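See structure below.
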Amino acid sequence: MTAQTISIKGRVVDAQSIPLRGVNVVLINTSYGAATDGDGYYEITNMDKGAYTIEFSAIGYENVKKENIIISDKSITLDIVLVEEIIETEEVIVTAGKFEQKKSDLTVSSEVIHGEEFENRNYSNLEDAIRFVPGVTMTDDQISIRGSSGYSRGTGARALMAIDGLPFYTGDTGEIVWEMIPVTELARVEIIKGAASSLYGSAAIGGVLNSITRNISEKPLTTVNGFYGMYDKPYYQEWDWSGERRPFNGLTLSHSQQIEKFGFNVSFTRLEDASYRQDGDFKKYIGFLKTVYNFTPVSSLTFIANTFNKRAGQFLYWKDSQNALIPPERNEGDRIETDRYLFGLIYSSLVEDNLFLTLRGSYYRNYFIDNETPSNESASNLYRGEVQLHSSLNNFISLTGGLEGIASSVRSSLFGNPHSFQTGAYLVSDINFSFPLIASVGVRYDYSKLDTLNGTGAISPKLGLNYKLFDELVLRSAFGIGFRAPTISEAFTSTTTGGITVKPNPNIQPEHNYTFEIGLNYAFSSLFNLDLAVFLSNYKDLIEPVIDPVDGYAFFNNVLEAQINGLEAGLIMFIFPDVLDLTLNYTYLLAEDVVTGKALRYRPKNVLYAGLNFNRWNFQFGINFRYISKIEEVDDGLVDLGIVVDGDLRVPTYTTDLNFGYSFVSLDLPLSIYLNIKNIFNYNYVELIGNIRQIRSYSFGFNLAF
Amino acid sequence: MQFCSYKIFIKYFSVFLILIFFVVSCDHGIEPRPVLPEPPGFSGTITFINQWPDSIKRTFLVVFENPLLTPADFTIQNLKYLSREIPLGALEYQYSSLDSAYIPQTPGPFPPGSYAYIAVVQQSTEQLSFARKDWFVSGVYYANNDTTQPGTMVIPDSSFIQNINIEVDFNNPPPQPPGYN
């Protein structure tokens, strides 16, 4: 009689069906165990019959424990999907201090969007995901972190966007081009709230967003990601301008490979949307290349190229509420073409013990032209270089310092042909006391010169404290002073449209702010995580578009002193750990003009997000709800001048999205499929007056990795 | 104990979810404004007396919501109607708020309400200017034949009012609002 060999085997993949290497597979209370190979396979042989508890664990992923697995006469196969670790206190953040820090060690409030959320919820554009981040609101494509911004049609941004640490804003308008960012290539997006000028300089006056791209796969990995969907018919029949359900689709092909010391990620994305609005259609092409050459284990050179091409209609405002999905006759057929390129180099090296050098250089070209008569056309070039040193002097003190220079040139029918130059130097120290207190102290000096305008300097200090009262309870507090230099478009716009003339402002000055926050994070076992923050901020010389009463021309000017206070409360409840969790986030914002006491434009007072997510049996389900109270103040001028008819119509926002997903890993297929229904109640609302946001849509997507 | 807490939580949370669903599924947010049988607005005739001065480069009909009591009242926010240019040399000009205009930019129903100052203005500058000093009032709307003060135009809801007539006598202009030279 021969003893029968009994085994348990299977494959472990992540949520995107990508095989995971090195996952520990342990039979609890036994000596049996194995690790997955490069294709995610594992096998434990020569087992005795019995009932086992098997645990799957890997760094960066949530452990999965399977209980009461019965091993009898036959071998069994057990495939597993590991989900990336989402316990916030263990998350690593690189944006807050420009080096790796545990999220629980930060002195400022931060948020993370994980890469898989883009697929699960079919976000083809980063700005759609940003809308669900606590403390962050969007008005059309303009971001506001804790009330930092209203809406100024793409001119200026009070948050700095970066991709792998390379700042990413246009040289003319200083705006963030969300649609250019290849979301399928992102591992995560880190968001730092509050003034971050002490490290990042101008534009980081309200906060920082850093898109971290995926690491290069150790094994060759090709991924195909696609979706097809359609908008439902509008709720009101009079809005049904096309008589059909308008389709949209997208396809991304990407490949990742490591060849000895050289590795690369490359992807190409095509997006097409017929739009639920007339003249809201677009075709977009996004190219992305990231190459890494490792000279040594502690020295590497990274090259990043991101290209974007768009041909799109320009829907700005509706004709009127009877015709809410078509533009006014004067704007019918308006179209725009854009071409944008970002090229970046990052060299990082451990030059001596505890001394880490990072060099960053980038070039960003932005070009657009519309079909108005005469055409508005603008081309800008932005060059940026940075030298950064980071050193851990000992176990308690680390220093981060650097120099940065930015130059831009513009040739434009709107802004003229100005040049600008900025330079900055910063030094930040993080001190880790043993009791256990972490202090972060820093200062940055910036000098900016905008063409013929006088040069101006600004000092931006910060002080932050992090105190772990107990293992589960972390207190944090931060104070920072920030500034933002005016953009070329704010200083030099000169155009006439619709009888309204916009004139340059040679006297425009930088705006300044201070922000203060105090917060706590309480993580109770694995049951829930509570985060609370109270923040105060004061903005001086806030730049807003105004009408000059002397000549009636519009221009950008330093007009406001604003006080913006509020609180954020975030709760994640792990109702059934690893299976069912609930996320609740509430933000209260009081944003007022100090002089008039009126609310600032486009700042909602109450924002609530709620999400319920289920994940088991390779099946995933989520429902996400968003409430934003009615905006109090908007661009009354656009309504008064009759530019936006019925522009006074606005309501609170209630949106509810559903998403379903299934991984075919149990059939040994590296395939995941997704179904999304957005705005399931077909609720009609605006962020920007006269501009209805997405009506109900259905989409089906898939992700194939091999 | 912990299990009981979760049961209670799930029970109340389910009730909360159902309530939310009920509330948001009945409300569809922004809806089209009803089509009015008669769009609110105004119309009238401008009559020009005597010879047009050669210096005039352009002429408009303007409607201000609030009275022009100080130069600060002359703001673009207070200016609710700015017609297209009235042809130079015209003897009579018929207008309607439904016609294309600079303000509002989209012709259509005019917001009902009370408007304190309706006038014909002229400019002699080369370019269109919104500076108060560049606007010369050559005719004002008077209500009920009361020429002692500018007439107020009242547009009720869903009513199109007519005969907002203005007489422009180039040789006898009305008193200028504050802020002219």
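Chains A and B, in that order, give the protein sequences.
So the first sequence is numbered by the working numbering: it starts at 1 and just counts up by one.
So the second sequence is numbered by the working numbering: it starts at 707 and just counts up by one.
Even glycine gets a Cβ: it sits at the ideal position worked out from N, Cα and C.
Every value quoted in this text rests on a predicted model; they were computed, and no experiment measured them.
What runs of the beta strand (DSSP E), each 3 residues or longer, lie entirely inside the region 107-195 of chain A?
-> For the region 107-195 of chain A, whole beta strand (DSSP E) runs of length 3 or above, ordered along the chain, are 110-114, 136-139, 142-145, 160-163 and 186-193.
So, is F773/A buried or exposed, given that buried needs 16 or more other C-beta atoms within 10 angstroms?
-> No answer is possible for residue 773/A: the residues shown for chain A start at 1 and end at 706.
The ligand SAM heavy atom lying under 7 Å from the CB of S72/A | In the structure shown, the ligand SAM is absent, as is every other ligand, since no ligand is present at all.
May I have the straight-line CA-CA distance separating S537/A from F415/A, to the nearest angstrom?
-> To locate residue 537/A, count along the first sequence from 1; it is residue 537. To locate residue 415/A, count along the first sequence from 1; it is residue 415. Near 32 Å, if we compare the C-alpha coordinates of F415/A and S537/A.
Backbone CA spacing between D430/A and S398/A [nearest angstrom] | Here residue 430/A refers to the residue found at position 430 when the first sequence is read from its first residue. Here residue 398/A refers to the residue found at position 398 when the first sequence is read from its first residue. Between D430/A and S398/A, the C-alpha separation is close to 5 Å.
With C-beta atoms as the reference, is T184/A less than 8 Å away from F248/A?
-> One-based indexing of the first sequence puts residue 184/A at position 184. One-based indexing of the first sequence puts residue 248/A at position 248. Taking 8 Å as the cut-off, the beta carbon of T184/A is found no closer than this to the beta carbon of F248/A.
Could you give the DSSP three-state label for Y490/A: helix, strand or coil?
-> Here residue 490/A is taken as the residue at index 490 of the first sequence, counted from 1. Reading off the sequence shown, one finds Glu at residue 490/A, where the question assumed Tyr. E490/A falls in the helix class under three-state DSSP.
Spell out whether any CB of chain B is found under 8 Å from the CB atom of N684/A.
-> On the first sequence, position 684 is the one that residue 684/A refers to. True, the Cβ-Cβ gap to chain B drops below 8 Å.
Output yes if chain A places a C-beta closer than 8 Å to the C-beta of I714/B; else output no.
-> Counting from 1 along the second sequence, the entry for residue 714/B is found at position 8. Chain A places no beta carbon closer than 8 Å to that of I714/B, leaving this residue out of the contacts.
What residues from chain B crowd round L649/A, counting only those whose CB sits closer than 7 Å?
-> Locating residue 649/A in the first sequence gives position 649, counting from the first residue. The answer, in chain order, is I736.
G814/B beta carbon less than 8 Å from that of V410/A | Start at 1 with the first residue of the first sequence, and residue 410/A comes out as number 410. Start at 1 with the first residue of the second sequence, and residue 814/B comes out as number 108. Not closer than 8 Å, so no.
Taking all protein chains shown into account, decide if I481/A is buried (16 or more other Cβ within 10 angstroms of its Cβ) or exposed.
-> Taking the first residue of the first sequence as 1, we reach residue 481/A at position 481. Its Cβ being crowded by 16 or more others within 10 Å, I481/A is buried.
Is the shortest distance between the beta-carbon of A195/A and the beta-carbons of chain B less than 8 Å?
-> For the purposes of this step, residue 195/A is taken as residue 195 along the first sequence, with counting starting at 1. Taking Cβ atoms only, chain B never reaches closer than 8 Å to A195/A, which makes this a no.
Under 7 Å between beta-carbons, which chain B residues line up against K236/A? List them in chain order, please.
-> The count along the first sequence starts at 1 and reaches residue 236/A at position 236. The amino acid at residue 236/A is misidentified as Lys; the sequence shows Tyr. The answer, in chain order, is E737 and P738.
Provide the residue span of the alpha helix (DSSP H) that contains G637/A, from first to last.
-> As a working mapping, residue 637/A is identified with position 637 in the first sequence. According to the DSSP assignment, G637/A belongs to the alpha helix (DSSP H) that extends over D636 to D640.
Determine the DSSP secondary structure at F681/A, reduced to helix, strand or coil.
-> The residue given as residue 681/A occupies position 681 in the first sequence. Under the three-state reduction of DSSP output, F681/A falls in the coil class, being neither helix nor strand.
At what residues does the beta strand (DSSP E) containing S211/A begin and finish?
-> By 1-based counting over the first sequence, the position of residue 211/A is 211. Unbroken beta strand (DSSP E) run through S211/A: G207 to T213.
DSSP three-state assignment for V651/A, whether helix, strand or coil | Locating residue 651/A in the first sequence gives position 651, where the first residue counts as 1. Residue state, collapsed to three classes: coil.
So, is the C-beta of Y383/A closer than 8 Å to a C-beta in chain B?
-> For the purposes of this step, residue 383/A is identified with residue 383 of the first sequence, where counting begins at 1. No, Y383/A does not count as interfacial toward chain B.
Using a C-beta cutoff of 8 Å, does P19/A count as contacting chain B?
-> The residue you call residue 19/A lines up with position 19 of the first sequence. It does not; no Cβ of chain B falls within 8 Å.
Using a Cβ cut-off of 8 Å (strictly closer), state whether V634/A contacts chain B.
-> Start at 1 with the first residue of the first sequence, and residue 634/A comes out as number 634. Not a single C-beta of chain B is nearer than 8 Å to the C-beta of V634/A.
Below-8 Å beta-carbon distance, P328/A vs any chain B residue | Taking the first residue of the first sequence as position 1, residue 328/A is located at position 328. Taking 8 Å as the CB threshold, P328/A lines the interface with chain B.
Would you decide whether W239/A is buried or exposed? Buried here means 16 or more other CB atoms lie within 10 Å of its CB.
-> Translated into the one-based positions of the first sequence, residue 239/A becomes position 239. That one is buried.
Can you pull the DSSP bridge partners for D360/A?
-> Position 360 of the first sequence, counting from 1, holds the residue named residue 360/A. Asp is not the amino acid found at residue 360/A; the sequence shown has Arg there. R360/A pairs with I346/A and E386/A.
What residues from chain B crowd round Q322/A, counting only those whose CB sits closer than 8 Å?
-> Here residue 322/A refers to the residue found at position 322 of the first sequence. Residues of chain B whose Cβ lies closer than 8 Å to the Cβ of Q322/A are, in chain order, P738, R739 and V741.
So is K462/A buried or exposed if we call it buried at 16+ other beta carbons inside 10 Å?
-> As a position in the first sequence, residue 462/A is number 462, starting the count at 1. By the Cβ-count criterion, K462/A is buried, with 16 or more other Cβ atoms from all chains shown falling within 10 Å of its own Cβ.
What number of angstroms, rounded off, separates the C-alpha of K9/A from the C-alpha of K219/A?
-> Taking the first sequence and counting its residues from 1, one reaches residue 9/A at position 9. Taking the first sequence and counting its residues from 1, one reaches residue 219/A at position 219. Between K9/A and K219/A, the C-alpha separation is close to 21 Å.
At least three beta-carbon pairs within less than 8 Å, the region 753-771 of chain B to the region 868-884 of chain B = Three or more beta-carbon pairs separated by less than 8 Å link the region 753-771 of chain B to the region 868-884 of chain B, which places the two stretches in contact.
Checking contacts by CB at 8 Å: is T812/B closer than that to chain A?
-> Position 106 of the second sequence, counted from the start, is the residue given in the question as residue 812/B. Answer yes: the Cβ-Cβ gap between T812/B and chain A drops below 8 Å somewhere.
Identify every run of the beta strand (DSSP E) within the region 813-844 of chain B, keeping only runs that are complete inside it and at least 3 residues long; order them along the chain.
-> 819-821 and 823-829, all fully within the region 813-844 of chain B.
If I867/B sits next to Y847/B, beta carbons under 8 Å apart, how far is it from one beta carbon to the other, in whole angstroms?
-> Residue numbering aside, residue 867/B sits at position 161 when the second sequence is read from its first letter. Residue numbering aside, residue 847/B sits at position 141 when the second sequence is read from its first letter. That belief does not hold up - the Cβ atoms of I867/B and Y847/B are roughly 12 Å apart, past 8 Å.
Spatial distance of L450/A from P504/A (CA atoms) | Taking the first sequence and counting its residues from 1, one reaches residue 450/A at position 450. Taking the first sequence and counting its residues from 1, one reaches residue 504/A at position 504. If I take the Cα positions, the gap works out to 13 Å.
Determine the chain A residues that contact K786/B at a beta-carbon separation under 9 Å, and present them in chain order.
-> One-based indexing of the second sequence puts residue 786/B at position 80. D640, L641 and G642, listed in chain order.
Please look up how many angstroms separate the CB atoms of A747/B and S803/B, rounded, as I've assumed it's under 8 Å.
-> The residue labelled residue 747/B in the question sits at position 41 within the second sequence. The residue labelled residue 803/B in the question sits at position 97 within the second sequence. The sequence given here has Gly at residue 747/B, not Ala. Contact flag correct, Cβ pair sits at about 4 Å.
Residues of chain B with a CB under 7 Å from the CB of D646/A: which are they?
-> Taking the first sequence and counting its residues from 1, the one referred to as residue 646/A is at position 646. The contacting residues are R739.
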